[in-house]
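In our numbering, the protein residues as written are 313 to 446. Following: one structure in structure tokens, then a few remarks.
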Amino acid sequence: MKHAPDETPAEVRADVWLWASRMYKTRSLAKQAIDGGKVDVNGAGCKPSKALHVGDTVRLTRGEERLELEILTLAELRGPASAAQTLYRETEASRLAREQARELRRLSGAGLNRPPTRPNKQERRELRRLKDFP
């Protein structure tokens, strides 16, 4: 049920819209995310075939990111990233929460001191002894 580029469909499948809006790289990844419970529509779980409409709220989890989006436009075809960004608007609360989480990850990773070089033979033996390997 493809529409001409100038006409907007009245409803679109959830997996198709997530793919067209570039939330997931492939439609099958969008379907797996929905089946895995990582996508909610209007506060309730959904199936890949759930019909989305303009004004619906979509909450999704991608890795460590949690997004809350409001659907502005529907699309069945994947276009350029600039066009995909016009399909939705992220809520202010979602954007602030993502920025705070990103800052926390950045600050917590700052305490990780990695060695400047790979361990040599003697250091590898010592690491094995510490880890109780024979």
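Where a beta carbon is used, it is the ideal one built from N, C-alpha and C, also for glycine. Everything numeric in this text was worked out from a predicted model, so none of it was measured.
Between Arg441, Gln412, Glu415 and Leu372, which lies nearest to Tyr336 when the distance is taken from Cα to Cα?
When each option's Cα is compared against that of Tyr336, the closest is Leu372.
DSSP three-state label for Val366, please.
Val366: coil per DSSP, three-state reduction.
Could you tell me which residues DSSP pairs with Thr373 in its beta bridges?
According to DSSP, Thr373 bridges with Arg378.
Using the C-alpha atoms, what's the distance from Arg436 back to Gln397?
Each residue's alpha carbon lies about 49 Å from the other.
Just the Cα atoms here: how many angstroms apart are Gly357 and Ala345?
C-alpha separation (whole angstroms): 11 Å.
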